[in-house]
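Have a look at the structure below before the remarks.
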Amino acid sequence: MWLRNENEYKARDDPPVLLSLKSRPQKVGVFVDYEEGLVSFFDVDAAALIYSFTGCCFTEKLYPFFSPCNNHGGKNSAPLIISPVNHTE
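According to the working numbering, the sequence shown is numbered sequentially starting from 947.
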């Protein structure tokens, strides 16, 4: 996932997908289905799917990596809160 120019969201898929979000997510949920090769991102407050990466082929243990990347003036405007999505059968 990528945020550029304060309001341009992209899923870094192949090819990249420009996302149209109704609001700026403050809490992002991540759901991973290892066996199905699925990684989904949700706007927790809006209870809305942001994007799902499908057809992933995982062969090793996964580790999360989050980075605010570049910033303006030496600081980010607000922290991004990452929250797990509870999954029930």
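C-beta: ideal position from N, C-alpha, C; glycine also.
Burial state of residue i, where buried means 16 or more other Cβ atoms lie within 10 Å
i: Gly-975; result: buried
i: Phe-987; result: buried
Unbroken beta strand (DSSP E) run spanning residue i, endpoints
i: Asp-901; result: Nothing about residue 901 can be read from this structure; the chain reaches only from 947 to 1035.
i: Gly-1001; result: No beta strand (DSSP E) holds Gly-1001; DSSP gives it neither H nor E.
i: Ala-957; result: 954-957
Same chain, Cβ closer than 8 Å to residue i, five either side skipped, listed in chain order
i: Cys-1003; result: Gly-983
Candidates the options: closest to residue i by CA position
i: Asn-953; options: Ala-992, Arg-970, Pro-961 and Met-947; result: Arg-970
i: Tyr-980; options: Phe-1011, Phe-1012, Leu-965 and Lys-1007; result: Lys-1007
i: Asp-989; options: Pro-1010, Val-978, Lys-973 and Thr-1000; result: Lys-973
Own chain partners of residue i with C-beta closer than 7 Å, once the 5 adjacent residues on each side are dropped
i: Leu-965; result: Tyr-955, Lys-956, Ala-957, Ile-996 and Tyr-997
Neighbourhood of residue i by C-beta distance below 6 Å, restricted to the same chain and skipping five residues each side
i: Leu-967; result: Tyr-955
i: Pro-962; result: Lys-956
Supposed contact pair residue j and residue i - C-beta distance, whole angstroms, cut 8 Å
i: Phe-1011; j: Asp-959; result: Between Asp-959 and Phe-1011 the Cβ distance is about 17 Å, and since that is not below 8 Å, they are no contact.
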